[in-house]
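Novice: There's a structure below that I have some questions on.
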Amino acid sequence: MTDDGGWVSLFSGGKDSSWALYRALERGLPVAHLLTVHAETESYMYHIPATDLAGLAAETIGIDLVEVDLDAAGADQTDSGARGDAEIEPLERALRDLDTQIDGGLAGVIAGAVESEFQTSRIEALCDRLDVDLFAPLWQRDPRTLAADMLNAGFEIRVIDVAARGLDESWLGRTLDAVAFDELEALHDEYGVHVLGEGGEFETLVTAGPHMDQRLEIDYETEWDGVRGTVRITDAWLEPR
20 MTDDGGWVSL FSGGKDSSWA LYRALERGLP VAHLLTVHAE TESYMYHIPA
70 TDLAGLAAET IGIDLVEVDL DAAGADQTDS GARGDAEIEP LERALRDLDT
120 QIDGGLAGVI AGAVESEFQT SRIEALCDRL DVDLFAPLWQ RDPRTLAADM
170 LNAGFEIRVI DVAARGLDES WLGRTLDAVA FDELEALHDE YGVHVLGEGG
220 EFETLVTAGP HMDQRLEIDY ETEWDGVRGT VRITDAWLEP R
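Numbering follows the working numbering, in which position 45 of the sequence shown is assigned residue number 64; successive positions increment by one, without gaps.
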């Protein structure tokens, strides 16, 4: 990997993108910007819930944030592959703009994909077109090992969305600790729930970690329809750790 230029970390505020960023910082990669893609309703490529809190997270991390609105990219596409390709386009435009702004240019992209070939193949192709490196430290790692690594590093992870058998309203707002990951492993055995929610079974928000100078505190209400649910955040602020 090149030492020239700066890196951009794809960032949602969830555990996977936060862990990828943390590992990049540990490795000494010069991260120039975080980049959040906001999707209003659904997306084949991007994390959706609570991305409006990425600005607060970036503030406590201390890295400038670039925000991109997905709008309706590819919404008219019935083919999932074409939809994914369309959703990459606003990200590519933003990265090309940053390439002209970063001292030394864009060196690489940091991504938090674990197992999704759909996402990773498109990000790899994007990096090839931009002629930059890709750093994906979670890729094809054992999910339970990753979970343990996150907890051991001091990550505080809250569940903010659930959509899978075995995950009921009690999971909304829950902090993922070792006990919770044991339960997720049991749900994997029973229902096929991915331990890290890689199949969209649940979504998360990192509220504290070694890369964050302050804690992200939230007030919220839960919404549950009997099958799936979400945390509706009513207020968010930073507190000293």
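Yeah, the Cβ is synthetic: ideal placement off N, Cα and C, and Gly gets one too.
Measuring straight from C-alpha to C-alpha, what distance separates W256 and T226?
Specialist: In a straight line, the C-alpha of W256 is about 10 angstroms away from that of T226.
Novice: Measuring CA to CA, which of F174, E258, L224 and R163 is closest to L203?
Specialist: The option with the nearest alpha carbon to L203 is R163.
Novice: Given a cut-off of 8 angstroms on the beta-carbon distance, is the pair G124 and W26 in contact?
Specialist: No; because the gap between Cβ atoms is not below 8 angstroms, this pair is not in contact.
Novice: Shortest alpha-carbon distance to I129 belongs to which of T139, D23 and A76?
Specialist: Residue T139 is the option with its Cα nearest to I129.
Novice: Kindly provide the ranges of any alpha helix (DSSP H) runs that are 4 or more residues long and lie completely inside the region 182-220, ordered along the chain.
Specialist: Runs of the alpha helix (DSSP H) inside the region 182-220: 197-210.
Novice: Quick one: residues in its chain with C-beta nearer than 8 angstroms to the C-beta of Y210, no 5 flanking neighbours on either side, listed in chain order?
Specialist: Excluding positions up to five away in sequence, the list reads A183, R184 and G185.
Novice: Just list the residues that DSSP pairs T249 with in beta bridges.
Specialist: Paired residues: D180 and E242.
Novice: Using a threshold of 8 angstroms, state whether the C-beta atoms of D104 and L149 are closer than that.
Specialist: In this structure, L149 does not lie closer than 8 angstroms to D104 by Cβ.
Novice: Taking the alpha carbon of S28 as the point to measure from, which residue in A77, R251 and D122 has its own alpha carbon closest?
Specialist: Ranking A77, R251 and D122 by Cα distance to S28 puts A77 first.
Novice: Give me whichever residues DSSP pairs with I237 in a beta bridge.
Specialist: Partner(s): A255.
Novice: What does DSSP give as the partner residue(s) for I129 in the beta ladder?
Specialist: Paired residues: S28 and F154.
Novice: Considering L53, what are the terminal residues of the beta strand (DSSP E) in which it resides?
Specialist: That run of the beta strand (DSSP E) goes V50 to H57.
Novice: How would you call W190, buried or exposed, if buried means at least 16 neighbouring beta carbons within 10 angstroms?
Specialist: Under this definition W190 is a buried residue.
Novice: Does S99 pass the burial test, meaning 16 or more other C-beta atoms within 10 Å, or should it be called exposed?
Specialist: S99 comes out exposed.
Novice: Please check the pair L110 and L145, which I expect to be a contact at CB under 8 angstroms, by giving their CB distance rounded to whole angstroms.
Specialist: So it is a contact: roughly 7 angstroms between Cβ atoms.
Novice: Consult DSSP for D88 and reduce its assignment to one of helix, strand or coil.
Specialist: DSSP places D88 in strand when its eight states are reduced to three.
Novice: Pair every Cβ in the region 30-37 with every Cβ in the region 56-67, then say whether three or more of these pairs are closer than 8 angstroms.
Specialist: The region 30-37 vs the region 56-67: in contact.
Novice: Assign A73 to one of three DSSP states: helix, strand, or coil.
Specialist: In the structure shown, A73 sits in a helix (DSSP, three-state: H, G or I).
Novice: Since A227 sits in a beta bridge, which residues does DSSP pair it with?
Specialist: Its beta-bridge partners are E175.
Novice: Figure out for me which residue from L157, L170 and T79 has the closest Cα to the Cα of R260.
Specialist: Residue T79 is the option with its Cα nearest to R260.
Novice: Roughly how many angstroms lie between the CA atoms of G216 and E134, to the nearest whole one?
Specialist: C-alpha separation (whole angstroms): 11 angstroms.
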